[in-house]
Structure formats: C-alpha cells, structure tokens
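Beneath this line is the structure, given in structure tokens, with notes to follow.
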Amino acid sequence: MKSIVVLTGAGISAESGVPTFRGDDGLWEGHPVEDVATPEGFARDPELVHSFYNGRRSKLLGGIEPNAAHLALARLEREFAGDVTVVTQNIDDLHERAGSRCLLHMHGELLKSRCGNCGTVAECRQDLQTGVACGCCGKSGGLRPHVVWFGEMPFHLDEITGLLCRAGLFLSIGTSGLVYPAAGFVATARAAGARTVEINLEQSAGTICFGESRRGAAGELVPAFVDELLAGGDDAG
Ligand code: BV8
C-alpha cells in the first residue's frame with residue numbers, strides 16, 4: 001500500500017472558527033501582509049506584529065476545537081495500511097489535538113516562540129511583547145513567534161519533497177493555492193505519478209493541476225473521503 005501525503009491550509013480550520021486569510025473575515029484584513037507577516041514588518045513595528053499574533057494565539061486558546069476534518073485525518077493515519085503524513089501550512093495546533101502524529105508544520109507554530117539571540121524554540125501560550133525575556137538566555141527584545149513569514153524559508157522542505165516523490169496519493173484540503181512553495185507540491189507529486197485530489201470550498205489557483213477536485217466543506221467531504229480510502233474503494237495509488 002503506497003503512502004499518502006495530505007497538505008492542509010486555513011480552510012480545514014475554518015469550521016473550527018479560525019479565520020482564513022482570504023475570506024471576508026480574512027486575517028490579513030486591516031493589516032497589509034507586509035506589516036504583520038514579514039521580517040521587515042517585524043523589524044519596523046514589533047509591537048504591531050506581537051499584537052497580531054497575540055490576538056490569534058488567545059483566540060486559539062480560548063475555546064477553538066478540532067473539527068470533523070481534523071479528526072478524520074487522524075483516523076486515516078491510525079487505520080490506513082500505508083504511511084500518512086499531514087503537511088500543514090497552518091500554525092494552529094488543531095491537527096495535534098485531533099490526534100495526528102505524523103505532522104509537519106511547514107510554516108511554524110503559533111504556540112511556540114523563537115529567540116533571535118540564542119535560537120531557542122519554546123512553548124508559548126501567553127502574550128509576547130518586546131520586553132519579554134527569553135527563558136533560556138534571559139535576554140529580552142529577541143523573542144518572535146516561531147512562524148515562517150513571507151520571504152523566509154519554510155521548514156522541512158527536503159523531507160516534504162522526499163515524501164511527495166514517494167506518495168501514492170497527494171490530497172490537498174482547504175488552501176487557495178496562492179503561496180509557494182506549498183502551492184507547487186501538487187506538481188511534484190503528479191510528476192512522480194501520485195494520484196492528486198483537491199478538497200476545497202471553491203476553485204483554487206491550483207485546481208487545474210489536480211486529477212480530481214471535490215468542491216465543498218472539509219468537515220463534510222474529508223470524513224467521507226477517508227471512509228472511501230479505508231474501504232479500499234479508492235486506490236490510494
Ligand atoms: C519562500 C504563516 C524562499 C504565518 C504564511 C517576493 C518576495 C519574497 C517571496 C516571494 C515573492 N514572490 C513570491 C514569493 C514567495 C512567497 C509567496 O508565495 N508569495 C505569494 C503571496 C505570491 N512565499 C514565501 O515567501 C515563502 N518562502 O518563498 O522562501 C523559497 C523559495 C523556494 C523554495 C523554498 C524557499 C514563505 C511563505 C509563508 C508565509 N507564511 N503563514 C501566519 O500564519 O501568520 S502564509 C499563509 O497564507 C498560510 O500559511 C498559507 O500558506 C497561505 C495561504 O493561505 P491558505 O492556507 O491557502 O488560506 P487562504 O485563506 O488563502 O485559503 C483558504 C482556502 O480554503 C480557500 O480557497 C477557501 O475557499 C477554502 N475554504 C474555506 N473554508 C473552507 C474551505 N475549504 C474547505 N472547507 C471549508 N470549510
């Protein structure tokens with residue numbers, strides 16, 4: 001049984017109440033991306049960037065729960081005969097809390113901080129400000145969210161490329177397909193001979209690259225597709 005690679009984006013967390021980036025309640029709304037999701041923006045106004053991420057962190061910790069799509073992917077990992085790896089663009093912890101274990105956060109994690117002075121990555125469940133000192137080196141002024149901003153190198157790319165080249169099935173869920181290198185994963189998987197399936201609420205920038213595209217809400221379509229895969233009704237390649 002070949003392996004499955006699942007790419008998720010903000011759309012898989014939408015039904016849990018986490019705003020997507022390009023929806024009406026979009027995250028970047030009110031903030032140009034350059035101001036809140038680039039190293040230059042952070043250097044220019046660190047307190048603005050801290051408040052942007054502090055707001056998202058406290059919302060995530062204030063009652064947001066995994067939804068049926070997250071839970072279905074964890075079930076797939078437990079019950080599928082081959083390997084299942086979730087590569088997420090999301091910085092929330094909903095895949096972990098749903099039970100996914102084989103999980104790569106290519107754009108980092110909202111509940112972790114990184115120290116610009118000593119490089120320590122630590123759990124972070126409270127507000128960050130410029131004056132907060134690093135628990136390791138004791139210095140302040142260097143802490144930032146452990147997330148990948150525009151212009152920064154995503155994490156785990158070598159491992160992800162290897163997985164894509166060996167996958168029997170590449171499944172993309174809830175992403176607009178606008179941000180690279182994640183948006184290019186489908187081409188890599190397809191070139192390596194994988195079956196490619198997209199589940200998304202609307203047409204995405206990458207829809208034409210997928211062998212199959214299923215239109216609808218992740219909370220409904222992902223559990224149904226996982227049932228199909230576990231029943232063996234649809235060969236995962
Ligand atoms: C890189 C973390 C070099 C932070 C994010 C000029 C200068 C510098 C770089 C570039 C440049 N031009 C292009 C680039 C590359 C750039 C890029 O792609 N820019 C775009 C805008 C053109 N990329 C980068 O900078 C990346 N780094 O390139 O380094 C390099 C080059 C090659 C190889 C290696 C390295 C780093 C980008 C990472 C930025 N960080 N997030 C944070 O979260 O604050 S990006 C962020 O937006 C997400 O992580 C995600 O990646 C991205 C897109 O969001 P989506 O997840 O797709 O969400 P979106 O709202 O857009 O769409 C949601 C979809 O769900 C919709 O289609 C909707 O219909 C659907 N949906 C909604 N509800 C549901 C649903 N579907 C199903 N069910 C539902 N219920």
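Quick note on numbering: the sequence shown equals residues 1 to 237 in this note's numbering. Every residue, glycine too, gets a C-beta built ideally from N, C-alpha and C. The structure displayed is predicted, hence computed values, not measured ones.
Beta carbon of residue i nearer than 8 Å to that of residue j
i	j	result
V84	T8	no
A110	D92	This sequence places Leu at residue 110; Ala is not what is there. Contact: yes.
L169	V197	yes
G177	L201	no
A74	G174	no
G206	A183	yes
P19	G11	no
R125	L61	yes
A189	K2	no
Residue i burial status per 10 Å Cβ neighbour count (16 or more: buried)
i	result
A231	exposed
C136	exposed
R57	buried
P145	buried
H95	buried
H156	exposed
L203	The sequence given here places Gln at residue 203; Leu does not occur at that position. Exposed, because fewer than 16 other Cβ atoms sit within 10 Å of the Cβ of Q203.
E77	buried
Of the residues the options, the one placed nearest residue i, counting alpha carbons only
i	options	result
G138	C115, A183, P154, E159	C115
V5	L221, C165, A218	C165
C102	H70, Q129, G131, F52	H70
Y180	V148, E198, R190	V148
P223	N54, H50, N67, V33	N67
E47	L60, R214, S204, V132	V132
G151	A37, N90, F210, G108	A37
S140	E123, N117, R125	N117
V226	G55, L171, G17, N54	L171
W128	V49, R44, A81, E34	The question names Trp, but residue 128 in the sequence shown is Leu. Nearest C-alpha to L128: V49.
E228	L157, A72, A43	A72
W28	Y53, P154, E40	Y53
R97	H107, G63, E34, A81	G63
A43	A194, S100, G142	G142
Residue i - DSSP class collapsed to helix/strand/coil
i	result
R125	coil
C134	coil
C118	coil
I173	strand
A10	coil
I4	strand
H50	helix
S58	helix
G41	helix
E109	strand
P145	strand
G237	Note on G237: pLDDT 49, under 50, position unreliable in the model; no value is reported.
E198	strand
R75	helix
A191	helix
T20	coil
A167	strand
A217	coil
G184	helix
C102	coil
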